[in-house]
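Listed in order, the protein sequences are those of chains L and H.
For what it's worth, this note's numbering labels the leading residue of the first sequence as 22, then goes sequentially.
For what it's worth, this note's numbering labels the leading residue of the second sequence as 22, then goes sequentially.
Protein chains: 2
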Amino acid sequence: MSKELTSRATDYSQWYNDLVIKGELADYSAVRGCMVIKPYGYALWENMRDQLDKMFKATGHVNAYFPLFVPKSLFEAEEKNAEGFAKECAVVTHYRLKNDVNNPGKLIVDPEAKLEEELVIRPTSEAIIWNTYKGWIQSYRDLPILVNQWANVVRWEMRTRLFLRTAEFLWQEGHTAHATKEEAIEETKKMLDVYAEFVEYFMAVPVIKGVKTANERFAGAEDTYCIEALMQDGKALQAGTSHFLGQNFAKAFDVQFLNKENKQEYVWATSWGVSTRLIGALIMAHSDDQGLIMPPRIAPLQVVIVPIYKGEESKPVIDAKVHSLMSELKALGISVKYDNSDNVRPGWKFAEYELKGVPVRLALGLRDLENNVVELARRDTKEKSSVSMDGLAQHIIDLLEDIQQNIYNRALAFRNENIREANTWEEFVALLDTKAGFISAHWDGTGETEDKIKELTKATIRCIPLNNKQEPGKCIHSGKESAQRVLFARAY
Amino acid sequence: MSKELTSRATDYSQWYNDLVIKGELADYSAVRGCMVIKPYGYALWENMRDQLDKMFKATGHVNAYFPLFVPKSLFEAEEKNAEGFAKECAVVTHYRLKNDVNNPGKLIVDPEAKLEEELVIRPTSEAIIWNTYKGWIQSYRDLPILVNQWANVVRWEMRTRLFLRTAEFLWQEGHTAHATKEEAIEETKKMLDVYAEFVEYFMAVPVIKGVKTANERFAGAEDTYCIEALMQDGKALQAGTSHFLGQNFAKAFDVQFLNKENKQEYVWATSWGVSTRLIGALIMAHSDDQGLIMPPRIAPLQVVIVPIYKGEESKPVIDAKVHSLMSELKALGISVKYDNSDNVRPGWKFAEYELKGVPVRLALGLRDLENNVVELARRDTKEKSSVSMDGLAQHIIDLLEDIQQNIYNRALAFRNENIREANTWEEFVALLDTKAGFISAHWDGTGETEDKIKELTKATIRCIPLNNKQEPGKCIHSGKESAQRVLFARAY
Numbered sequence: 022m023s024k025e026l027t028s029r030a031t032d033y034s035q036w037y038n039d040l041v042i043k044g045e046l047a048d049y050s051a052v053r054g055c056m057v058i059k060p061y062g063y064a065l066w067e068n069m070r071d072q073l074d075k076m077f078k079a080t081g082h083v084n085a086y087f088p089l090f091v092p093k094s095l096f097e098a099e100e101k102n103a104e105g106f107a108k109e110c111a112v113v114t115h116y117r118l119k120n121d122v123n124n125p126g127k128l129i130v131d132p133e134a135k136l137e138e139e140l141v142i143r144p145t146s147e148a149i150i151w152n153t154y155k156g157w158i159q160s161y162r163d164l165p166i167l168v169n170q171w172a173n174v175v176r177w178e179m180r181t182r183l184f185l186r187t188a189e190f191l192w193q194e195g196h197t198a199h200a201t202k203e204e205a206i207e208e209t210k211k212m213l214d215v216y217a218e219f220v221e222y223f224m225a226v227p228v229i230k231g232v233k234t235a236n237e238r239f240a241g242a243e244d245t246y247c248i249e250a251l252m253q254d255g256k257a258l259q260a261g262t263s264h265f266l267g268q269n270f271a272k273a274f275d276v277q278f279l280n281k282e283n284k285q286e287y288v289w290a291t292s293w294g295v296s297t298r299l300i301g302a303l304i305m306a307h308s309d310d311q312g313l314i315m316p317p318r319i320a321p322l323q324v325v326i327v328p329i330y331k332g333e334e335s336k337p338v339i340d341a342k343v344h345s346l347m348s349e350l351k352a353l354g355i356s357v358k359y360d361n362s363d364n365v366r367p368g369w370k371f372a373e374y375e376l377k378g379v380p381v382r383l384a385l386g387l388r389d390l391e392n393n394v395v396e397l398a399r400r401d402t403k404e405k406s407s408v409s410m411d412g413l414a415q416h417i418i419d420l421l422e423d424i425q426q427n428i429y430n431r432a433l434a435f436r437n438e439n440i441r442e443a444n445t446w447e448e449f450v451a452l453l454d455t456k457a458g459f460i461s462a463h464w465d466g467t468g469e470t471e472d473k474i475k476e477l478t479k480a481t482i483r484c485i486p487l488n489n490k491q492e493p494g495k496c497i498h499s500g501k502e503s504a505q506r507v508l509f510a511r512a513y
Numbered sequence: 022m023s024k025e026l027t028s029r030a031t032d033y034s035q036w037y038n039d040l041v042i043k044g045e046l047a048d049y050s051a052v053r054g055c056m057v058i059k060p061y062g063y064a065l066w067e068n069m070r071d072q073l074d075k076m077f078k079a080t081g082h083v084n085a086y087f088p089l090f091v092p093k094s095l096f097e098a099e100e101k102n103a104e105g106f107a108k109e110c111a112v113v114t115h116y117r118l119k120n121d122v123n124n125p126g127k128l129i130v131d132p133e134a135k136l137e138e139e140l141v142i143r144p145t146s147e148a149i150i151w152n153t154y155k156g157w158i159q160s161y162r163d164l165p166i167l168v169n170q171w172a173n174v175v176r177w178e179m180r181t182r183l184f185l186r187t188a189e190f191l192w193q194e195g196h197t198a199h200a201t202k203e204e205a206i207e208e209t210k211k212m213l214d215v216y217a218e219f220v221e222y223f224m225a226v227p228v229i230k231g232v233k234t235a236n237e238r239f240a241g242a243e244d245t246y247c248i249e250a251l252m253q254d255g256k257a258l259q260a261g262t263s264h265f266l267g268q269n270f271a272k273a274f275d276v277q278f279l280n281k282e283n284k285q286e287y288v289w290a291t292s293w294g295v296s297t298r299l300i301g302a303l304i305m306a307h308s309d310d311q312g313l314i315m316p317p318r319i320a321p322l323q324v325v326i327v328p329i330y331k332g333e334e335s336k337p338v339i340d341a342k343v344h345s346l347m348s349e350l351k352a353l354g355i356s357v358k359y360d361n362s363d364n365v366r367p368g369w370k371f372a373e374y375e376l377k378g379v380p381v382r383l384a385l386g387l388r389d390l391e392n393n394v395v396e397l398a399r400r401d402t403k404e405k406s407s408v409s410m411d412g413l414a415q416h417i418i419d420l421l422e423d424i425q426q427n428i429y430n431r432a433l434a435f436r437n438e439n440i441r442e443a444n445t446w447e448e449f450v451a452l453l454d455t456k457a458g459f460i461s462a463h464w465d466g467t468g469e470t471e472d473k474i475k476e477l478t479k480a481t482i483r484c485i486p487l488n489n490k491q492e493p494g495k496c497i498h499s500g501k502e503s504a505q506r507v508l509f510a511r512a513y
């Protein structure tokens, strides 16, 4: 019996959870708001991480590792950053447990092992890192510092969802230090481009690059650049952010350098990050009612082969053929699995690998062997075809490329169809409730109006697109003058 | 001015710290007992991690990720494990900070955000993982589970040392589940072999494989296998452990499976881990008074090239030659850096890369170019030679291999010279105080005697070597009958 999935039309949110759990990407854990990333989900994350890591290194960055803990006095040094994260901080207050004399076999926190200063578990690492950079930077010759960290962080969110919003998540955080403002801004934009390229080219998810409004900025940033993606339910998802931090952290931690003119100056900073949240974006951008659809370029498994045995004597013949095919595919760098387990039927396996989103499935029986063909099913369109064994490996390489393109184009067409203009408040509200998607509308540029719109509709300004067209108009809410449209949406 | 290093003879412990800090592997942090792993140190860890990861995957393991937090009630479920780690646990008790009304700009822990149940930061993950496995295992068909996790863990140690013993450290922990005792024991030993192969072949550090005494076992294990290495000061260092956990965790978390005979049975377990501590072993096994000596197979940087400019007009000529050489080396998979920075002299660079332990250094001036040669210095022996440009790449490949062998052989010879037999208590104490190293001696097999010896000499039984020779004798301390010698040492 194959696993039952809720359809998108029935309950989109349940559909998403079904895909994550029944597709074996992740599981709930015994810890509130924390998930277990299962081997299939972690293999996906590894592919994403390795690719991003390559791109970071290609742009001159190196990795390092900073402590999990931030002493409270450091955490509060940059006030805006501290204020932004204070409500979500897990705090370590003690460093020892002891036996509970009243309950043999049970432990209690040892009150005598109270820390003099509480330790915050990093929700982000600007504080601990800039406190460290202070010791690394004396002169302009020590700059730039281009460091990235792969780590776990904790934000005590009240409402959590697998991958999209979990108390603990895995991410990377780049933290760079520069001698000039221009160089820091250039870095901020460069890393936004790296993120956009990764998400579009490898995850096949189209994104809009933009800049956040002041209200939506990262706490402590001067400017937050972002990439925004659109999910199939018409909600937006912030897929990555890159922050120009100005001299805020340098001032908070007194990080100055001797510039070329021999003068002391505060260092300019950026930070940028993407997280396991991207997996949520990937799921909701491509999947269908039969399950996940993995983009070939980062799929944990690109090809699965299922034998169709007829009697014991067919096994060695089929197995031998498959093993030679597997060697050929592996030599070409294709990840492939042969599922010849004997406790479930081929139909069950078909459904299972469809659920897991494996891009290409091959099925092979004795008659296929005789005809020198194999049955090939592509996950994105569910088309089946009988394909010759001759030149099969090259055919699969081309097909994987085609699937990658196809799911990107599909997501792009959907995204583009779902950017609509609203010119009045009524249009805006009606679009939000009937079509969702991005709404391009005029806004008067004030935080007050933005707050009001959010309060009334739950829609937020996702971004002011880069290179936005300048076009005078009237704010859809206040009616005041506006110089350009911005992108609104309800969002994850 | 190059950085000054303490010599081993002057102060071994300070020498070690100098190498870590001046060699830019790691730095102290603002958090008690926690370190910052700097880019050079992290690049080394990445090479070690990637290689180990490859070996784990080649032996059928997959990666996953489990929560950082362990609810106290789960943590205490396996009593011996809990008791073993209770004294070192960092505990999260609150999930929010708030403004301190008495100190504007300062934060305090919000007393209203106290957790109902405290969360222990994982010192090791058996508890959270076996609680998860309960949901994954129903029948023998779900076994074995061969999962590894790369993660940070926290053990609140009172005395910390960079890499060797830090409150937070990076490691991998394998956690496997099996249908039979035999299979679990086989896994335990297989992973010990993987560790031994990694440490010897890649880190060039010889190890002795053995099993721990009951006193020295991992808390919650039935048997702890280990690899023990010898440092240059004659102290031993436990470089990795692999535990046969029996059914202890399965019973504590009630993880049963339906076996092939259709009966419910508790699952058999193993766990195994190595950590950033290995970097400490690497440093102390090979380095000398001039600095680190990196084994070529995992060196962050294998070759450095330093130009010897004479006048501006020599730069483009030398640079061009080096760039073509670099391309050739990189194409062969050799990591190489060209240091043509102009703010320090060649002599300073020579000292710096010696300190960092780069296996091969090339220096190149105009006269070398005219003679079609390059000056080559190998880090392990500090020999310099003039080498022809023709066939240089192959020469370097061979040389890297030779250096790897040489430092392994050197460490092996040192280790073997420093295993000595003691047959009386006086000999034992004298050897410990004059020669250190491993001491092979008879022991009566009791924990009491072991404790007594430790109390009197600070020496512990490092292991009972695998395939140990059976040889009757008298315990060096109690004089009682003994069936075999065991290895004692003072240890890190």
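Each residue gets a CB set at the ideal place from its N, CA and C atoms; glycine is no exception.
From a predicted model like this one, the values you see are computed outputs, not experimental measurements.
Less than 8 Å between CB atoms is the rule here; does Glu-147/H satisfy it with respect to chain L? False, the Cβ-Cβ gap to chain L never drops below 8 Å.
Between which two residues does the beta strand (DSSP E) harbouring Asp-48/H extend? Looking at the DSSP string, the run of the beta strand (DSSP E) that includes Asp-48/H is 47-49.
Using alpha carbons as the reference points, say which of Thr-262/H, Tyr-161/H, Asn-393/H lies closest to Glu-282/H. Tyr-161/H
Just to make sure I have the definition right: I need the residues of chain H whose C-beta is within less than 9 Å of the C-beta of Asp-48/L. Which are they? Thr-153, Gly-156, Trp-157
Quick one: Cα of Ala-98/H to Cα of Lys-284/H, how far? 25 Å
With DSSP run on the structure shown, which of helix, strand or coil describes Leu-251/H? strand
Partners in chain H for Pro-227/L, counting only beta-carbon separations shorter than 7 Å: Within chain H, no residue comes near Pro-227/L; the closest Cβ sits about 28 Å away, beyond 7 Å.
Touching by the beta-carbon criterion (3+ pairs, under 8 Å), the region 308-320 of chain H and the region 22-41 of chain H: Of all C-beta pairs linking the region 308-320 of chain H to the region 22-41 of chain H, three or more are shorter than 8 Å, placing the two stretches in contact.
Closer than 8 Å, CB to CB, is Lys-377/L near chain H or not? no
Identify the contact partners of Val-83/L in chain H, using a Cβ-Cβ distance below 8 Å as the criterion. Pro-60, Tyr-63, Ala-64
Counting only C-beta atoms, is Asn-364/L closer than 8 Å to chain H at any point? yes
Which word fits Val-122/H, buried or exposed, when buried means at least 16 other C-beta atoms lie within 10 angstroms of its C-beta? exposed
Is any beta-carbon of chain H found at less than 8 Å from that of Trp-177/L? yes
Taking DSSP as the reference, what is the three-state secondary structure of Lys-135/L? strand
Rank His-463/L, Ala-47/L, Leu-376/L, Ile-158/L by C-alpha distance to the C-alpha of Phe-274/L and give the top, closest one. It is Ile-158/L.
Coarse secondary structure for Pro-92/H, derived from DSSP in three states: strand
What three-state label does DSSP hand Ala-384/H in the structure shown? strand
Residues, ordered as in the chain, of the region 85-96 of chain H that lie near chain L by beta-carbon distance below 9 Å: Here the close residues are Ala-85, Tyr-86, Phe-87, Pro-88, Leu-89, Phe-90, Val-91, Pro-92, Lys-93, Ser-94, Leu-95, Phe-96.
In this structure, does DSSP put Val-41/H in helix, strand or coil? Looking at Val-41/H - three-state DSSP - the assignment turns out to be helix.
Using the DSSP secondary-structure output, state which residues sit across from Ala-398/H in a beta bridge. Arg-382/H, Lys-405/H
Can you list, in chain order, the residues of the region 100-117 of chain H whose Cβ is nearer than 9 Å to any Cβ on chain L? Glu-100, Ala-103, Glu-104, Phe-106, Ala-107, Lys-108, Glu-109, Cys-110, Ala-111, Val-112, Val-113, Thr-114, His-115, Tyr-116, Arg-117
Could you work out which residues of chain L lie near Gly-126/H, taking near to mean beta carbons separated by less than 9 Å? Glu-97, Glu-100, Ala-103
Let me know if Lys-501/H comes out buried or exposed under the rule of 16 or more other beta-carbons within 10 Å of its beta-carbon. exposed
C-alpha gap between Trp-192/L and Val-175/H, whole angstroms: 19 Å
Evaluate contact between the region 212-223 of chain L and the region 460-474 of chain L, counting only Cβ atoms and requiring at least three cross-stretch pairs below 8 Å. Not touching, per the Cβ criterion.
What does the Cβ neighbour count give for Arg-366/L, buried or exposed, with the cut at 16 atoms within 10 Å? exposed
Of the choices Ser-407/L, Arg-400/L, Asp-48/L, Thr-114/L, whose alpha-carbon is the least far from that of Asn-392/L? Ser-407/L
Give the range of the alpha helix (DSSP H) segment to which Glu-349/H is assigned. 335-352
Compute the beta-carbon to beta-carbon distance between Val-394/L and Leu-383/L, rounded to the nearest angstrom, for a pair I have assumed lies under 8 Å. That pair is no contact at about 10 Å.
Closer than 7 Å by C-beta to Ser-409/L: which residues in its own chain qualify, once you throw out the five before and the five after it? Chain order, please. Once the five neighbours on either side are set aside, the close Cβ partners of Ser-409/L are Asn-393, Val-394.
Kindly list, in the order they appear in chain L, the residues whose Cβ is closer than 9 Å to that of Leu-288/H. Strictly speaking, residue 288/H in this sequence is Val, with Leu absent from that position. Under the 9 Å cutoff, chain L gives no residues; its nearest Cβ is about 17 Å from Val-288/H.
Taking only three categories from DSSP, how would you classify Met-56/H? strand
Any heavy atom of the ligand NAP closer than 7 Å to the beta-carbon of Asp-163/L? By its list of ligands, the structure shown contains no ligand whatsoever, and the ligand NAP lies outside what it can speak to.
Cβ-based burial, Pro-321/H [other Cβ within 10 Å; buried from 16]: buried
According to DSSP, is Ser-362/H part of a helix, a strand, or is it coil? coil
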